[in-house]
Amino acid sequence: MSSDFDFGGAVPPWGRSAAEYEAFFALSNVSPSARILDCGGGPSSFTAEWSSNERYVVAADPIYRFSTRDFLADFNRTAAQMLAGMRKARERFKWDYYGSPEGVVQRRRDVLTAFMADFQAATRSGRYVSACLPELPFRSESFDLVLCSHLLFLYSAEFDSAMHLCSLREMLRVGREVRVFPLLDMDGKPSAHLGSTIQLLRMSTHVELVPLSFEFRSGDSNMLRLTH
Ligand SMILES: C[S@@+](CC[C@H](N)C(=O)[O-])C[C@H]1O[C@@H](n2cnc3c(N)ncnc32)[C@H](O)[C@@H]1O
Numbered sequence: 006m007s008s009d010f011d012f013g014g015a016v017p018p019w020g021r022s023a024a025e026y027e028a029f030f031a032l033s034n035v036s037p038s039a040r041i042l043d044c045g046g047g048p049s050s051f052t053a054e055w056s057s058n059e060r061y062v063v064a065a066d067p068i069y070r071f072s073t074r075d076f077l078a079d080f081n082r083t084a085a086q087m088l089a090g091m092r093k094a095r096e097r098f099k100w101d102y103y104g105s106p107e108g109v110v111q112r113r114r115d116v117l118t119a120f121m122a123d124f125q126a127a128t129r130s131g132r133y134v135s136a137c138l139p140e141l142p143f144r145s146e147s148f149d150l151v152l153c154s155h156l157l158f159l160y161s162a163e164f165d166s167a168m169h170l171c172s173l174r175e176m177l178r179v180g181r182e183v184r185v186f187p188l189l190d191m192d193g194k195p196s197a198h199l200g201s202t203i204q205l206l207r208m209s210t211h212v213e214l215v216p217l218s219f220e221f222r223s224g225d226s227n228m229l230r231l232t233h
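Numbering (the numbering used here), first residue to last: 6 to 233.
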């Protein structure tokens with residue numbers, strides 16, 4: 006069966022806002038002094054928005070080696086595909102938060118604008134680090150909390166189980182706690198890698214599935230929380 010969201014094996018940049026991250030990762034009780042890493046942050050505006058509120062946030066993503074011109078071209082291509090996919094698979098989503106497929110795209114465009122302004126700003130000072138899982142260029146325990154949104158488990162066809170396990174272990178090396186969302190794959194099915202990954206992580210890590218009040222794709226309302 007062909008997927009409604011087929012990006013030809015690539016992981017497209019498609020960015021979410023701080024309000025969305027706060028819902029995906031239940032961030033309301035995170036300490037104001039927490040050092041946070043957004044792993045695979047891409048064109049999300051989370052880092053820009055939280056940094057502007059005096060929070061310590063660093064984002065890591067391979068696309069940070071590019072210029073903002075590349076981000077815009079990628080966005081327009083991705084937006085057309087996402088829009089077509091969401092229209093086709095409309096019944097698999099709950100629309101109370103975003104309203105419509107067009108509403109999602111508009112929000113992503115606003116997020117991209119906020120991200121690009123911060124990415125270009127002279128004051129960004131090391132907030133955006135070009136890095137590619139499963140290796141991160143940070144010392145052990147550099148962060149209190151590592152977030153990973155819309156990368157692992159979602160792109161289950163693009164990354165194998167070994168990549169998932171190595172990436173999560175690397176995030177646990179650089180951070181004291183790791184939170185991952187979503188846990189369903191691109192077709193809205195439970196990721197084929199989740200069960201085996203959790204089983205192996207449980208040998209050395211405290212693993213929790215945390216229910217969320219946020220749900221956009223039907224059934225996609227749990228976050229994975231890992232602590233040492
Ligand atoms: C769908 S976007 C999600 C962006 C952001 N986390 C969000 O939810 O708004 C996925 C991001 O993962 C990045 N990515 C792909 N492969 C990666 C890897 N091996 N390590 C780190 N990031 C990666 C992509 O460049 C892209 O920016």
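Ideal placement from N, C-alpha and C gives every residue a C-beta, glycine not left out.
Just curious, the beta strand (DSSP E) that Asn58 is in, first and last residue?
Counting along the chain, Asn58 falls outside any beta strand (DSSP E), and DSSP gives it neither H nor E.
May I ask you to report which of helix, strand or coil DSSP gives Glu182?
Three-state result, Glu182: strand.
CA-CA distance, Leu159 and Thr128?
About 33 Å.
Tell me which residues pass a beta-carbon proximity test against ligand 1: closer than 5 Å to any heavy atom, given in chain order.
With the cut-off at 5 Å, the residues found are Val16, Pro18, Trp19, Gly20, Arg21, Gly45, Gly47, Ser49, Asp66, Ile68, Cys137, Leu138, Ser154, His155 and Leu156.
Measure the C-alpha to C-alpha separation of Leu199 and His211 and round it to an integer number of angstroms.
Each residue's Cα considered, the two are about 15 Å apart.
Exposed or buried, which one is His233 when buried takes at least 16 other CB atoms within 10 Å?
His233 comes out exposed.
Mind checking whether Arg74 and Ser49 have CB atoms under 7 Å apart?
No, they are not a contact pair.
Cutting at 7 Å between CB atoms, please list the residues of its own chain near Met6, excluding the five before and the five after it.
Note that Met6 has pLDDT 45, beneath the 50 cutoff, so the model's placement of it is unreliable and the number below is only indicative. Same-chain partners within the cutoff: there are none.
In the DSSP assignment, find the alpha helix (DSSP H) that holds Ser201 and state where it starts and stops.
Taken as a continuous stretch (DSSP letters only), the alpha helix (DSSP H) holding Ser201 covers Leu199 to Leu206.
How far does the beta strand (DSSP E) with Asn227 in it reach, from first residue to last?
Here the beta strand (DSSP E) through Asn227 covers Asn227 to Thr232.
Give the DSSP bridge partners of Asp43, in chain order.
For Asp43, which the question treats as bridged, DSSP gives the partners Ala64 and Leu152.
Looking at C-alpha atoms only, which residue of Met228, Phe219, Leu229 and Val62 is the closest neighbour of Tyr102?
Residue Phe219 is the option with its Cα nearest to Tyr102.
Is it true that the CB of His169 sits closer than 7 Å to the CB of Leu157?
It is a contact, given that the beta carbons lie within the stated cut-off.
Which stretch, first to last residue, makes up the alpha helix (DSSP H) that contains Val109?
Residues Pro106 to Gln125.
With distance defined between alpha-carbon atoms, name the residue in Val185, Leu217, Asp192 and Gly13 nearest to Thr202.
Per the Cα distances, Val185.
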